[in-house]
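K.L.:
Chains as they are written, first to last, in UniProt numbering: chain Z, 1 to 67; chain H, 1 to 67; chain D, 1 to 67; chain U, 1 to 67; chain S, 1 to 67; chain V, 1 to 67.
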């Protein structure tokens, strides 16, 4: 019954990588807490780099400096 | 003053259906808890089926099996 | 499969009222979008009035003025 | 280490305005609570006006009336 | 830089189990997407069973039936 | 009409500091985007240090090392 929300910057994660995240986190919750995978929900949000800030600045700016 | 966030898979909900969700949930909060509709906020997120997992797999995969 | 998060101020909603919100929003999603109630998840967050702001001030302050 | 999520309607906020929101909120958390800007994360969600409700109706409808 | 929010019902997860969830999901994001663990943020919300609904009813009710 | 959610670790923020965050972020949205303060909602979540992870470990652990 857990609900997991993963937010990452939109920088080309493939469908297969997203499938791997969903399977991995569902498995983790079963192993650690015995949660039923059948009702574990995982939602991935991919956020534009202009809309994600860290250290007070946009990821877009950081990427342009090679960070 | 309540804030409601509804997350659904992006599978063709129409503008009218979304209007109905907004009106319905605002009305529900007024009926059950006496909340003022004027300041009730509802945000609907439509999520790609590749980004939504249940039972450890993507909705895209489930849909391809007719689930 | 929808996920709904309802945030309200912590001002004494009863267990029965919360049950009514859960039943009501699950029913709404079935009626409007045909969503399966069995996998509809609803999470209610009750937030201290010191931690909720509207109009630039805390709900605690507004309540002290009778708003 | 704070995490801030800002949700606004998608109505043309520029990259510069979003940069200003990110810098402003990061600075605010440093001034008020002494939080380290280096690990302050800000995520901005821009939501279609059909998907945002207030007062029981979509922002799209309100905008069409000049509100 | 990812942000992960895990919501579970408040039913006695220990500090060690929560540590394991945090380590596990941070590791998963590094393995699958190459995300830097140093800036991966994980927030766990533990929700009262009265405030969590699935299948249109509270988890409290389901637990009382042994589900 | 914006909605802002601020998550911080629960480490003694006072009511006055929370009031300052609410006023500050509401003002920021008015200055940068012209958003109406009357309908700007701010919700602050204070999260136990056991439930907040960064760098793959709990804040509780980091604090015990003086970080």
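Where is the CB? At the ideal position from N, CA and C, for every residue including glycine. All values reported here derive from a predicted model rather than from experimental measurement.
1. Taking only three categories from DSSP, how would you classify residue 34 (chain Z)?
2. Roughly how many whole angstroms lie between the Cα atoms of residue 52 (chain U) and residue 11 (chain V)?
3. Jot down the residue ranges of each uninterrupted alpha helix (DSSP H) in the UniProt domain "4-oxalocrotonate tautomerase-like" (2-60) of chain S, minimum 4 residues, whole runs only, in chain order.
4. Would the stretch 26-38 of chain U and the stretch 9-29 of chain V be scored as touching if the rule is three or more Cβ pairs under 8 Å?
5. Give me the Cα-Cα distance between residue 65 (chain V) and residue 56 (chain V), rounded to the nearest whole angstrom.
6. Residue 6 (chain S) CB to nearest chain D CB: under 7 Å?
7. Can residue 5 (chain H) and residue 43 (chain H) be called in contact, C-beta distance under 7 Å?
8. Taking DSSP as the reference, what is the three-state secondary structure of residue 65 (chain H)?
9. Would you kindly check if the distance between the Cβ of residue 41 (chain H) and the Cβ of residue 25 (chain D) is under 7 Å?
10. Using the beta-carbon of each residue, which ones in chain V are nearer than 8 Å to residue 54 (chain U)?
11. Could you tell me the alpha carbon to alpha carbon distance between residue 63 (chain Z) and residue 46 (chain Z), rounded to whole angstroms?
12. Does any residue of chain D have a CB that is nearer than 7 Å to the CB of residue 43 (chain V)?
13. Return the chain-ordered list of same chain residues with a C-beta closer than 7 Å to the C-beta of residue 48 (chain S), the five sequence neighbours on each side being excluded.
14. Looking at the C-beta of residue 20 (chain S), does it have a partner C-beta in chain Z at a distance below 7 Å?
15. Using the Cα positions of residue 13 (chain U) and residue 54 (chain U), report the straight-line distance between them to the nearest angstrom.
16. State yes or no: is the C-beta of residue 15 (chain V) within less than 7 Å of the C-beta of residue 50 (chain D)?
17. Can you check whether the CB of residue 2 (chain D) is closer than 7 Å to the CB of residue 8 (chain H)?
18. Kindly indicate if chain Z contains any beta-carbon less than 7 Å away from that of residue 58 (chain H).
19. Quick one: residues in its chain with C-beta nearer than 7 Å to the C-beta of residue 37 (chain D), no 5 flanking neighbours on either side, listed in chain order?
20. Among the residues of its own chain, which have a CB less than 7 Å from the CB of residue 39 (chain V), if the five just before and after it don't count?
21. Taking Cβ-Cβ distances shorter than 9 Å, what residues in chain D pair up with residue 26 (chain V)?
P.N.:
Let's see:
1. Looking at residue 34 (chain Z) - three-state DSSP - the assignment turns out to be coil, as it is neither helix nor strand.
2. Here the alpha carbon of residue 52 (chain U) sits roughly 34 Å from the alpha carbon of residue 11 (chain V).
3. Within the UniProt domain "4-oxalocrotonate tautomerase-like" (2-60) of chain S, the alpha helix (DSSP H) runs of at least 4 residues that lie entirely inside it are, in chain order, 15-33.
4. Judged by Cβ distances under 8 Å, the stretch 26-38 of chain U makes contact with the stretch 9-29 of chain V, as three or more pairs qualify.
5. Going from the Cα of residue 65 (chain V) to the Cα of residue 56 (chain V) covers about 15 Å.
6. Closer than 7 Å: no.
7. Yes; because the gap between Cβ atoms is below 7 Å, this pair is in contact.
8. Coil at residue 65 (chain H), not helix or strand.
9. No, the pair does not count as a contact, with Cβ atoms beyond the cut-off.
10. Near residue 54 (chain U) (Cβ distances below 8 Å), the residues of chain V are 1 and 39.
11. Cα-Cα distance, rounded: 16 Å.
12. It does; some Cβ of chain D falls within 7 Å.
13. If you ignore the 5 residues before and after residue 48 (chain S), its C-beta comes within less than 7 Å of the C-beta of 10, all in its own chain and listed in chain order.
14. Chain Z, which has a Cβ nearer than 7 Å to the Cβ of residue 20 (chain S), makes this yes.
15. Taking the straight line from one Cα to the other gives about 20 Å.
16. Residue 15 (chain V) is a Cβ neighbour of residue 50 (chain D), given a cutoff of 7 Å.
17. Judged by beta-carbon spacing, residue 2 (chain D) lies within the 7 Å limit of residue 8 (chain H), meaning their Cβ atoms are closer than that value.
18. It does: the Cβ of residue 58 (chain H) has a partner Cβ on chain Z nearer than 7 Å.
19. Once the five neighbours on either side are set aside, the close Cβ partners of residue 37 (chain D) are 26 and 30.
20. Closer than 7 Å at the Cβ level, and outside the excluded window around residue 39 (chain V), lie 1.
21. Correct list: 53, 54, 55, 56 and 57.
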